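J.: If you read the sequence shown in this note's numbering, its first letter stands for residue 42, the second for the next number, and so on.
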Amino acid sequence: MEKILKTVMALVIMMTMVEAEEDLEVMLREMMKEMNIIKSDLQSTKEELLSHIDAKDNSIYELEREVYNLQNPPQTFACAGHYSVLSTSRQAISYSNLLYSSSNVAGAGMNITSGQFISGVAGTYTVTWSLRAINDAGDHSVHINLRKNEKNIDESLHYSRYTGPSGYAYDQGGRTLVVHLDSGDTMDLFCNECSAGIDDVTFCVSLAQADLV
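1. Does Val219 pass the burial test, meaning 16 or more other C-beta atoms within 10 Å, or should it be called exposed?
2. Hey, Ser197 and Leu187: beta-carbon distance below 8 angstroms or not?
3. Which of the three DSSP states is assigned to Ser100 in this structure?
4. From Ile101 to Ser92, what distance separates their C-alpha atoms?
5. Looking at C-beta atoms only, is the number of pairs between the stretch 203 to 211 and the stretch 174 to 184 that lie closer than 8 angstroms three or more?
6. Look at Gly156 and Ala133 and say whether their C-beta atoms are less than 8 angstroms apart.
7. What does DSSP give as the partner residues of Glu234 in its beta bridges?
8. In or out: Leu248 buried (at least 16 other Cβ within 10 Å) or exposed?
9. Any idea what DSSP makes of Ser247, helix, strand or coil?
10. In the DSSP assignment, find the beta strand (DSSP E) that holds Ser201 and state where it starts and stops.
11. Within the same chain, show all residues whose beta-carbon is closer than 7 angstroms to that of Asn190, passing over the 5 residues directly before and after it, in chain order.
12. Quick check on Asp240: does DSSP put it in helix, strand or coil?
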């Protein structure tokens, strides 16, 4: 009888241990699931934090750039001149002297050989010029246009003519226009007809206000 009781107790203990082991495995599986969920949540939180950090970095960069632009706004000023007589047609006016040039914008400035001003930043520019037309009796009238990217601005026509039967007339004049230029755009004065002769030419371009970026 005692032997049977011991056997029964052993069986009960073994069954209890098996059940406990199964319960432990279930608990371990549940714990692993919870740990995986927590790990996934942590990864998502990490990615969100990194995204917020990147956004903050971009915001800081934009603010720093705006502050820099406010403290150091783009500036471009250029003035060219030609004193002696020019008699030419279908050609941009070139210059003998760069009277003034100041810019903190890369690539901006006046090329006195080609007569072209090149903008370095998009914005509103003021363009002004002055010259003297030398009109002798029988000469062609003087026709000059401001050009943007080598295309005439028709409204900018500078015209001079002498209709007397003899003699000559000196005609001093100038114009000012406000234009918008993109970075890399060009401006020049173009002699459609200047065979009569012009001199004392000045051509100036200045950046009035850069576009907000």
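A virtual CB, placed ideally from N, CA and C, is assigned to each residue, including glycine. No experiment lies behind these values; they were computed from the predicted model shown.
T.: So, from the data block:
1. exposed
2. yes
3. helix
4. 14 angstroms
5. yes
6. yes
7. His184
8. buried
9. strand
10. His199 to Ser201
11. Asp226 and Thr227
12. strand
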